[in-house]
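Let me begin by presenting the structure, written as structure tokens, before commenting on it.
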């Protein structure tokens, strides 16, 4: 049986003030739980998905094919780290969007934000994934909504309405 992976101790995780780097301190999290300032459930990442991603990644790095056990605190650390990274990336992309005097964030803003927060190695794989996603789901968007003529026929009971200038006679 394999031993569980070591988990970070509360002293390993801290919050850097003034540098822009935000890392959750477990003691602060415990105090927040005691005082009722718990992160809203809507902001928490699904634990099952976090566990699956961590296990898949660690199994690819591990030479053995044994089952990987992840301690509860380590899972919490991964989940909180990912949540904070997502918030930081979103805030940076939002700043880029605001600088461009736009209200809607787009993929280009996220790519630029990844470069700004010094993760340029993610941009290439993310662009490939985005293109794959668009290619797979592009046809569904067009095929899911019928065209305007079909919608008109449904509204008029199956009869097509004559176009402007068309009398309907042959």
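Numbering (full-length UniProt numbering), first residue to last: 1 to 170. Yeah, the Cβ is synthetic: ideal placement off N, Cα and C, and Gly gets one too.
**Request:** Label residue 69 either buried or exposed according to how many other C-beta atoms from any shown protein chain fall within 10 Å of its C-beta, with 16 as the threshold for buried.
**Result:** So residue 69 counts as exposed.
**Request:** Would you identify the three-state DSSP class for residue 46, choosing helix, strand or coil?
**Result:** It is coil, neither helix nor strand.
**Residue nearest to residue 108 in terms of C-alpha spacing, selected from 73, 91, 97 and 50** = Distance check between residue 108 and each of 73, 91, 97 and 50 places 97 closest, using alpha-carbon atoms only.
**Message:** If I follow the unbroken alpha helix (DSSP H) through residue 94, where does it start and stop?
**Reply:** Where residue 94 is concerned, the enclosing alpha helix (DSSP H) starts and stops at 72 to 99.
**Item:** residue 45 to residue 100 span [Cα, whole Å]
**Value:** One C-alpha to the other measures close to 30 Å.
**Request:** With DSSP as the reference, label residue 115 as helix, strand or coil.
**Result:** Here residue 115 sits in helix by DSSP.
**Asked** Excluding five sequence neighbours on each side, which residues of the same chain lie with their C-beta closer than 7 Å to the C-beta of residue 115?
**Response** Shown here for residue 115: same chain residues with a beta carbon closer than 7 Å to its own, the five before and five after excluded, namely 123 in chain order.
**Message:** Here's a check: name, in chain order, each residue in its chain whose Cβ is nearer than 6 Å to the Cβ of residue 22, leaving out the five neighbours to either side.
**Reply:** Any answer about residue 22 is weak, because its pLDDT of 45 lies below 50 and its placement is not dependable; what the coordinates show is given next. Excluding sequence neighbours, residue 22 sits near 84.
**Asked** Between the beta-carbon of residue 54 and the beta-carbon of residue 75, is there less than 9 Å?
**Response** The answer is yes: Cβ separation under 9 Å.
**Request:** Buried or exposed for residue 171, please, with buried defined as at least 16 other CB atoms from any protein chain shown within 10 angstroms of its CB.
**Result:** Absent from the model: residue 171. The displayed extent of the chain is 1 to 170, so no value can be given.
**Prompt:** CA-CA distance, residue 91 and residue 130?
**Reply:** Cα-Cα distance, rounded: 20 Å.
**Asked** Relative to the C-alpha of residue 73, which residue among 126, 50, 89 and 87 is closest?
**Response** Residue 50 holds the alpha-carbon nearest to the alpha-carbon of residue 73 among 126, 50, 89 and 87.
**Prompt:** residue 111 and residue 134: beta carbons closer than 9 Å?
**Reply:** With respect to the 9 Å criterion, residue 111 and residue 134 are not classified as neighbours on the basis of their beta carbons.
**Request:** Using alpha carbons as the reference points, say which of 119, 88 and 78 lies closest to residue 48.
**Result:** Closest by alpha carbon: 78.
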